[in-house]
Every structure is written in structure tokens, then in C-alpha cells.
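Visitor:
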Amino acid sequence: GNSVTQMEGPVTLSEEAFLTINCTYTATGYPSLFWYVQYPGEGLQLLLKATKADDKGSNKGFEATYRKETTSFHLEKGSVQVSDSAVYFCALSPYNTDKLIFGTGTRLQVFP
Amino acid sequence: DAMVIQNPRYQVTQFGKPVTLSCSQTLNHNVMYWYQQKSSQAPKLLFHYYDKDFNNEADTPDNFQSRRPNTSFCFLDIRSPGLGDAAMYLCATSGPQGAGNTIYFGEGSWLTVV
Numbered sequence: 002g003n004s005v006t007q008m009e010g011p012v013t014l015s016e017e018a019f020l021t022i023n024c025t026y027t028a029t030g031y032p033s034l035f036w037y038v039q040y041p042g043e044g045l046q047l048l049l050k051a052t053k054a055d056d057k058g059s060n061k062g063f064e065a066t067y068r069k070e071t072t073s074f075h076l077e078k079g080s081v082q083v084s085d086s087a088v089y090f091c092a093l094s095p096y097n098t099d100k101l102i103f104g105t106g107t108r109l110q111v112f113p
Numbered sequence: 007d008a009m010v011i012q013n014p015r016y017q018v019t020q021f022g023k024p025v026t027l028s029c030s031q032t033l034n035h036n037v038m039y040w041y042q043q044k045s046s047q048a049p050k051l052l053f054h055y056y057d058k059d060f061n062n063e064a065d066t067p068d069n070f071q072s073r074r075p076n077t078s079f080c081f082l083d084i085r086s087p088g089l090g091d092a093a094m095y096l097c098a099t100s101g102p103q104g105a106g107n108t109i110y111f112g113e114g115s116w117l118t119v120v
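Just so you know, the protein sequences line up as chains A and B, in that order.
Okay, so the first sequence: first residue is 2 according to our numbering, each after it adds one.
Okay, so the second sequence: first residue is 7 according to our numbering, each after it adds one.
Written out as C-alpha cells, the structure reads:
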């Protein structure tokens, strides 16, 4: 079956610290991979995506690389800001479908 | 400009009193989804439409129904809300079926059941 596993939160960092949020997946075939961000009280916004192995998605200083050999899509940012505080969801879309299967989400808290 | 618009943002309903949540989109996408997200949990797909073709997830309770009268609008009807149905309901859309299509979410409708 298809599933996504994310590291448990909350992740608590000081401003300008390096961020990694781990995400691994199980899927048949070649899924597309996504990171969505959810700010308090709001819906989900696409942060970045990758549709095939070795693709790197990037946006707003965040990056993630689709690693087929380790079935991973870890989210990284070199220097976090207080405004990055949110819940981050890793998700996959099985090949040739438009359904999203989400991980459980990781809350990030950044303090000044 | 908002592309997936949900109304109302906040809804309080009484136990057992039917409620309808609405969603409209300006993207002309043929796929529309309804997700349920309970506090501190991942969104869970309830159902989705490819055009007018309705696809129900196997574990979606019968209490949840949906209507899509045209491309732009989609409704979620909860026939007899229980306390366990309190959640945020997210509408989403995507374009023609294909690998890696982005799914666009609305801001969500918070449902409280009293």
C-alpha cells in the first residue's frame, strides 16, 4: 500500500537555525511527492513538489530531493525564520492518480 | 486572489441538525475533493469528483454526502452531525488527471457541533 511517515514534532528551533524534517514513503510504482504547509487556522498551501527520482523541489528557501533509493523526501532549510512556524505535511500522489496521501504532519516552532 | 473559496469559514451547528458547506473554484479544474481534518491530524479524503463522476472513499460514513452542480461549485452535506464530526473541512481542486498535478486547497471551513 501507499503511506507516508514523518518525524514526530514539535520541532523547536531558534531563528537562523538549520531545519530538517524527515519524510519517508512507501508506494507502488513512481509516486509524486509534495510538501504542504499549514499556518494556524488556515488551509494547506503547496510548498514544493517533485515528480520523479532525483528531482529537487525548492521554494522560499526550502528544498527537498526525491530519493528513490532511500524512499525519502526530507525537507530542509538553511536558516529558518519565526514566520516559518507552521505545520508541515509530507504527501505522496500515487502514479497516475490525483489523490494525496498525507503524513501526520510535523509542527515547527521557531523562536527569536 | 483566492482560487478555491470556501463558505462559511466557521460554522456552528447543533447535534443532529443538517449542515452544508460550500466550495467554489476559479481554476476551471475538473477534479474537486473534500477532506476532513481533525485537530492535530492529517487531512483525510472523504470523496472526490472527476467532472461529475463521484468517487466515495470506502471508509467515508454515509452521513456525509456531496453535490457538484457544475464545474465551479461543490457542496458537502452532513446529514446528522455528531460531536465526532467537529473538524476542519477542506475543499481542493486539481487539473486533468496526470502525474504530479498540484492540488490546490481552500482555507477550510471549521465546523463546531454543540
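By construction, the Cβ of each residue, glycine as well, lies at the ideal position given by its N, Cα and C atoms.
(1) Kindly indicate if chain A contains any beta-carbon less than 8 Å away from that of Gly114 (chain B).
(2) Nearest-angstrom Cα distance between Ala64 (chain B) and Thr29 (chain A)?
(3) With distances taken Cα to Cα, identify the nearest neighbour of Glu77 (chain A) among A:Leu49, A:Glu9, A:Pro32, A:Lys69.
(4) Quick one: using the 10 Å Cβ neighbour count with 16 as the cut-off for buried, is Asn107 (chain B) buried or exposed?
(5) For a test of the three-state rule: what should DSSP assign to Val120 (chain B), helix, strand or coil?
(6) Assign Phe188 (chain B) to one of two classes, buried (16 or more other C-beta atoms within 10 Å of its C-beta) or exposed (fewer than that).
(7) Can you give me, in chain order, the residues of the region 36-51 of chain B that have a beta carbon less than 9 Å from any beta carbon in chain C?
(8) I'd like the list of long-range same chain contacts for Lys57 (chain A), defined as Cβ closer than 8 Å, with 5 residues on each side in sequence excluded.
(9) Under DSSP, the beta strand (DSSP E) around Ser100 (chain B) begins and ends at which residues?
(10) Just to check my reading of the structure: Cys97 (chain B) and Gln12 (chain B) have Cβ atoms closer than 8 Å, yes? What is that Cβ distance to the nearest angstrom?
(11) Using 8 Å for Cβ pairs, my map puts Asn69 (chain B) next to Ile84 (chain B). What's the rounded Cβ distance?
(12) For Gln110 (chain A), which residues in the same chain have their Cβ closer than 8 Å to its Cβ, ignoring the five residues on either side in sequence?
(13) Curious, which full-length beta strand (DSSP E) runs of at least 3 residues does the region 53-95 of chain A contain?
(14) Thr21 (chain A) and His75 (chain A) look like a contact to me (Cβ under 8 Å); what is the Cβ gap, rounded to whole Å?
(15) What three-state label does DSSP hand Leu101 (chain A) in the structure shown?
(16) Go through its chain and collect everything with a Cβ distance to Lys69 (chain A)'s Cβ below 7 Å, but skip five positions before and after it.
(17) So which residues of chain A does Phe21 (chain B) contact, with C-beta pairs closer than 8 Å?
(18) Across which residues does DSSP place Met38 (chain B) in a beta bridge pair?
(19) Going straight from the alpha carbon of Pro75 (chain B) to that of Glu16 (chain A), what length do you get?
(20) Which same chain residues, not among the five before or five after Asn60 (chain A), have their C-beta less than 6 Å away from its C-beta?
Guide: Put simply:
(1) Closer than 8 Å to some Cβ of chain A, the Cβ of Gly114 (chain B) qualifies, so yes.
(2) Roughly 20 Å separates the two Cα atoms.
(3) Ranking A:Leu49, A:Glu9, A:Pro32, A:Lys69 by Cα distance to Glu77 (chain A) puts A:Leu49 first.
(4) Of the residues assessed, Asn107 (chain B) falls on the buried side of the cut-off, its CB having 16 or more other CB atoms within 10 angstroms.
(5) The answer is coil: DSSP assigns Val120 (chain B) none of H, G, I, E or B.
(6) Since the first residue shown for chain B is 7 and the last is 120, residue 188 (chain B) is missing from the structure and cannot be characterised.
(7) In summary, chain C is missing from the structure at hand, where the protein chains are A and B.
(8) For Lys57 (chain A), where only same-chain residues beyond five positions count, the Cβ hits under 8 Å are Ala51, Glu64, Ala65, Thr66, Tyr67.
(9) First-last of the beta strand (DSSP E) with Ser100 (chain B): 93-100.
(10) At roughly 5 Å, the Cβ-Cβ gap stays under 8 Å, so Cys97 (chain B) and Gln12 (chain B) are in contact.
(11) Right, the Cβ-Cβ distance comes to about 6 Å (below 8 Å), so this counts as a contact.
(12) Excluding sequence neighbours, Gln110 (chain A) sits near Pro11, Val12, Thr13, Leu14, Ser86.
(13) Complete beta strand (DSSP E) runs here, min 3: 57-60, 63-66, 76-78, 87-94.
(14) Between His75 (chain A) and Thr21 (chain A) the Cβ distance is about 6 Å, and since that is below 8 Å, they are a contact.
(15) Residue state, collapsed to three classes: coil.
(16) Result list for Lys69 (chain A): Ala54, in chain order.
(17) Ordered by position in chain A, no residue passes the 8 Å Cβ test against Phe21 (chain B), which lies about 24 Å from the chain.
(18) Beta-bridge pairing links Met38 (chain B) to B:Tyr55, B:Thr99.
(19) Pro75 (chain B) and Glu16 (chain A): Cα-Cα distance of roughly 48 Å.
(20) Here the set comprises Leu48, Leu49.
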